[in-house]
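If you want the UniProt record's numbering, it's the position in the sequence shown, counting the first as 1, plus 251.
Note that the Cβ used here is the ideal one computed from N, Cα and C, for glycine as well.
For clarity, every value in this text was computed on a predicted model and none was experimentally measured.
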Amino acid sequence: GKTDSAPGTLFDKIIAGEIPASVVKEDDHLLAFKDINPMAPAHILVIPKDRSGLTNLRQASAEHTDILGRLLIAAGEIAKDTELGFGDGARIVINDGSDGGQEVMHLHVHVLGGRKLEVRYI
Ligand code: 5GP
Numbered sequence: 252g253k254t255d256s257a258p259g260t261l262f263d264k265i266i267a268g269e270i271p272a273s274v275v276k277e278d279d280h281l282l283a284f285k286d287i288n289p290m291a292p293a294h295i296l297v298i299p300k301d302r303s304g305l306t307n308l309r310q311a312s313a314e315h316t317d318i319l320g321r322l323l324i325a326a327g328e329i330a331k332d333t334e335l336g337f338g339d340g341a342r343i344v345i346n347d348g349s350d351g352g353q354e355v356m357h358l359h360v361h362v363l364g365g366r367k368l369e370v371r372y373i
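Structural data, given as structure tokens:
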């Protein structure tokens with residue numbers, strides 16, 4: 252990461268443009284791109300550009316209020332974008348840490364939709 256000592260992940264390479272990604276939204280603070288292995292017809296990942304200690308949500312504190320708000324607002328905007336394949340609703344997920352199924356240690360918000368998702372959490 253840019254401002255912490257945790258090792259960088261492949262998301263840093265996506266932010267740097269070193270690994271190509273299908274970007275759907277970008278600003279100074281965040282990047283949103285299509286998941287390479289979609290679990291639903293529409294599956295977008297939203298990530299902070301500056302991880303700043305946000306390997307996962309359990310590390311979040313008041314200093315992250317602004318970026319966490321931005322990530323959720325972006326997720327909501329993405330979830331209503333019919334051109335991305337979203338219909339009437341979406342599921343917004345954060346896998347946090349090993350037990351939560353997190354594989355990439357750079358906080359990211361999954362936005363899943365494009366079909367009716369089952370009422371389950373795994
Ligand atoms: P996690 O399991 O950490 O919550 O989610 C990581 C997500 O990143 C997975 O859904 C996986 O498919 C996605 N992913 C892994 N490598 C790449 C990549 O190189 N490009 C893109 N676009 N997504 C990736």
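In three-state DSSP terms, what is residue 254? Unreliable placement is indicated for residue 254, whose pLDDT of 49 sits below 50; the coordinate value is still reported in the next sentence. It is coil, neither helix nor strand.
Would a C-beta distance cut-off of 8 angstroms place residue 309 and residue 347 closer than the cut-off? yes
Residues with C-beta closer than 5 angstroms to any heavy atom of the ligand 5GP, in chain order: 272, 286, 287, 288, 346, 353, 354, 355
Where residue 372 and residue 352 are concerned, what is the direct C-alpha to C-alpha distance, given to the nearest angstrom? 12 angstroms
Could you check if residue 282 is buried or exposed, using at least 16 other CB atoms within 10 Å of its CB as the buried criterion? buried
Count the other C-beta atoms from every protein chain shown that fall within 10 angstroms of the C-beta of residue 254, then say buried if there are 16 or more, exposed otherwise. Low local confidence applies: a pLDDT of 49 at residue 254 is under 50, so the model's placement there is unreliable, with the coordinate-based value given in what follows. Counting Cβ neighbours within 10 Å, residue 254 comes out exposed, since fewer than 16 surround it.
DSSP on residue 337, reduced to helix/strand/coil? coil
8 angstroms Cβ shell around residue 279 - same chain, five flanking residues per side excluded: 300
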